[in-house]
Amino acid sequence: MTFVAINAAGGPIGSVSLVEHDLPDRPEFAHLTPWVAGTYVVAEERGQGVGSALMRHVVDEAHRLGLPELFLYTSAARVFYERLGWVGLRDDVYEGEQVTLMTTRVGRSPRAPSDRLDRDPPAGVA
Ligand SMILES: CC(C)(COP(=O)(O)OP(=O)(O)OC[C@H]1O[C@@H](n2cnc3c(N)ncnc32)[C@H](O)[C@@H]1OP(=O)(O)O)[C@@H](O)C(=O)NCCC(=O)NCCS
Numbered sequence: 202m203t204f205v206a207i208n209a210a211g212g213p214i215g216s217v218s219l220v221e222h223d224l225p226d227r228p229e230f231a232h233l234t235p236w237v238a239g240t241y242v243v244a245e246e247r248g249q250g251v252g253s254a255l256m257r258h259v260v261d262e263a264h265r266l267g268l269p270e271l272f273l274y275t276s277a278a279r280v281f282y283e284r285l286g287w288v289g290l291r292d293d294v295y296e297g298e299q300v301t302l303m304t305t306r307v308g309r310s311p312r313a314p315s316d317r318l319d320r321d322p323p324a325g326v327a
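202 is the number of the first residue of the sequence shown in my numbering; add one for each residue after it.
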């Protein structure tokens with residue numbers, strides 16, 4: 202599902218998506234789901250809280266859906282997500298780019314997200 206931020210005139214100025222997987226060709230992350238993907242705010246609207254509002258909204262929606270944790274990967278916006286409470290799980294290289302895999306707990310989920318990365322690998326994946 203995709204959420205779109207609109208301005209006072211009703212025009213789209215940003216969006217964010219909640220998807221089942223965002224690294225489908227990386228089987229070692231196949232058990233991690235769902236992912237926040239495609240966070241984007243048009244250049245002229247950045248720095249006004251739109252991106253943060255979109256991120257808070259997608260986490261609220263995940264809470265409403267009963268999802269315990271979310272994942273994402275980023276190359277350039279790690280600090281943006283950290284400021285919203287996301288934590289880095291692993292640095293990696295994806296499509297030739299240095300990326301950070303990040304996670305956040307939703308609501309009051311008692312489970313440590315990093316535990317999930319280490320303890321629940323899919324069968325047959327090292
Ligand atoms: C990242 C992005 C969505 C942030 O949207 P935004 O509307 O500018 O975000 P906010 O206004 O809510 O910013 C909140 C804070 O994070 C900071 N911030 C924004 N983008 C940042 C980034 N890439 N790295 C570090 N800090 C960032 C802002 O400066 C702001 O700080 P402040 O409160 O001290 O002013 C937007 O810059 C964007 O679309 N970038 C291009 C696409 C992109 O990189 N998407 C992320 C893909 S993983």
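Virtual Cβ for every residue (Gly too), placed ideally from N, Cα, C.
Three or more C-beta pairs below 8 Å linking the segment 208 to 226 and the segment 248 to 259: In short, these stretches touch, since the Cβ pair count reaches three.
Secondary structure, beta strand (DSSP E): runs of 3+ residues fully inside the segment 234 to 297: As far as the segment 234 to 297 is concerned, its whole beta strand (DSSP E) runs of at least 3 residues are 236 to 242, 270 to 275 and 288 to 295.
Close-in-space but distant-in-sequence residues of the same chain around residue 223 (CB under 6 Å, 5 per side omitted): Contacts found: 236 and 238.
Limits of the beta strand (DSSP E) - the one that residue 206 falls within: Where residue 206 is concerned, the enclosing beta strand (DSSP E) stretches over 203 to 207.
Beta bridge counterpart(s) of residue 217 as assigned by DSSP: Answer by DSSP bridge pairing, in chain order: 204.
Validate contact between the segment 224 to 232 and the segment 204 to 215 using beta carbons, cut 8 Å, 3 pairs: No, the segment 224 to 232 is not in contact with the segment 204 to 215.
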